[in-house]
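Under the working numbering, think of the first position of the sequence shown as 8, with each following residue one higher. Built from N, CA and C at the ideal position, the CB exists for glycine as well. Read through the structure below, which is laid out as structure tokens, and then see the notes.
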Amino acid sequence: MKELLQQTYGYLFEEKLIEEIVATSLLRDFKEGDILIDFGDSIRKMPLLISGAIKILREDFDEGELLLYFIEKGDTCAMTMACCLGETKSEIRAVAETKGQLIMIPVNKMEEWLGKYSSWRNYVFNSYNNRLKEMLSAIDNLAFMNMDERLLNYLSEKSKVLNSNEIHSTHQEIAYDLHTSRVVVSRLLKALENKGKISLNRASIVMLK
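Structure, rendered in structure tokens:
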């Protein structure tokens with residue numbers, strides 16, 4: 008675990024903090040589609056992402072779900088931290104977008120390290136700031152963007168997270184993330200293809216611009 012931590016977080020955390028993380032935390036593997044945190048869970052540990060990508064979903068008033076943001080290598084989830092520190096139930100669902108690994112840190116250590124290590128304090132505050140910006144972007148998408156703009160933004164973000172211009176998602180899966188219907192997604196994807204933004208293949212979507 009120490010080598011993985013140094014590769015991913017060595018430029019952020021001092022050696023003593025890395026040693027404490029190794030001594031007190033657990034390394035967990037996950038595969039695509041795994042639900043890592045669910046609505047209503049009591050959260051006792053905070054994740055540090057070593058590899059892979061995870062999407063964070065929020066339950067809406069119609070008992071559906073809405074994509075808030077993705078977290079990637081080197082990230083953590085600000086909403087998970089808030090639940091840990093506030094000892095509240097989870098209000099998000101974290102689903103693995105790809106396979107990967109994460110380190111689970113006990114909540115009592117999170118609080119202890121805030122006062123003990125400036126690097127940890129800076130990391131936590133920066134993570135809150137970054138996730139807040141992403142949530143504000145998600146709100147802007149809902150409030151000010153048409154569905155075709157939201158769809159293109161979603162595909163661009165997913166392409167970035169996957170580090171590939173080819174996206175292997177069904178129209179239904181995309182509809183689920185954007186909280187709309189498969190028929191709407193299929194129609195808008197065809198329109199984006201006609202505009203030269205994407206190419207639709209039988210089992211994938213290729214970003215062209």
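Considering only 99, 143, 72, the residue with the shortest C-alpha distance to residue 180 is 72.
Runs of beta strand (DSSP E) with 3 or more residues, each lying fully within the stretch 19-81, are found at 33-37, 42-44, 52-58, 61-66, 72-78, listed in chain order.
Residue 209: not part of any beta strand (DSSP E); DSSP gives it neither H nor E.
Just measuring C-alpha positions, the residue of 178, 9, 167 sitting nearest residue 76 is 167. The beta carbons of residue 29 and residue 12 sit about 7 Å from each other, so the pair counts as a contact at 8 Å.
One alpha carbon belongs to residue 150, the other to residue 187, and they sit about 15 Å apart. A contact is defined here as three or more CB-CB pairs under 8 Å, and the stretch 115-122 fails this definition with respect to the stretch 33-47. Using a Cβ distance threshold of 8 Å, residue 126 and residue 22 do not count as a contacting pair. If you draw a 10 Å sphere on the C-beta of residue 171, you find fewer than 16 other C-beta atoms in it, and that means exposed. In the DSSP secondary-structure assignment, residue 214 is bridged to 205. By the CB criterion at 8 Å, residue 81 and residue 15 fall inside the cutoff. Our two residues, residue 18 and residue 35, have alpha carbons roughly 22 Å apart in a direct line. One Cα belongs to residue 157, the other to residue 185, and the distance between them is close to 8 Å.
Residue 107 sits in a strand when the DSSP states are folded into three classes. Going by C-alpha positions, residue 135 is about 5 Å away from residue 85. When the beta-carbon positions are compared, residue 78 and residue 63 come within less than 8 Å of each other.
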